[in-house]
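Residue numbers (the working numbering): 25 to 120.
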Amino acid sequence: MEVLRVSSPSLPFAERKTEGASQGGGFAEKFWQALEEVNALQKEADQAVLEVALGKEENLHRAIIALERANLALGLAVQVRNKVIEAYQEIMRMQV
């Protein structure tokens with residue numbers, strides 16, 4: 025298992041390789057694509073807040089909407105992760 029350093033949050037998710045995924049793209053690939061979208065929304069929200077803080081953007085609503093979209097996407101990603109962990113734990117508890 026690869027452990028990433030906290031000081032390098034800009035590591036693109038596209039560099040990760042998934043093993044055992046089917047040719048059509050499995051769950052892991054779809055999950056990484058969704059995480060890339062969440063990351064893009066977070067970056068968009070950060071940029072919107074920065075523009076408002078620097079006075080380049082007068083429309084505060086745009087920044088708030090971007091922040092809320094990023095927040096909702098991150099919340100959904102966390103819920104999916106929790107469900108995946110629950111499913112894994114349930115499989116591990118099964119008696120063979």
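By construction, the Cβ of each residue, glycine as well, lies at the ideal position given by its N, Cα and C atoms. Please read all numbers here as calculations on a predicted model, not as lab measurements.
Just reading off the alpha helix (DSSP H) that residue 99 is part of, what are its end residues? 84 to 117
Please list, in chain order, all residues of the same chain as residue 66 whose beta carbon is under 6 angstroms from its beta carbon, the five residues on each side excluded. 94
Report the option in 79, 108, 92 and 81 whose CA atom is closest to the CA atom of residue 69. 92
With residue 54 as the anchor, note down where its alpha helix (DSSP H) starts and where it stops. 51 to 78
Quick test of your reading: residue 64 and residue 73, contact by CB under 8 angstroms. State the CB separation rounded to the nearest angstrom. With a Cβ gap of about 15 angstroms, residue 64 and residue 73 do not count as contacting.
Using 10 angstroms around the beta-carbon of residue 111, count the other beta-carbons present and answer buried if the total reaches 16, otherwise exposed. exposed
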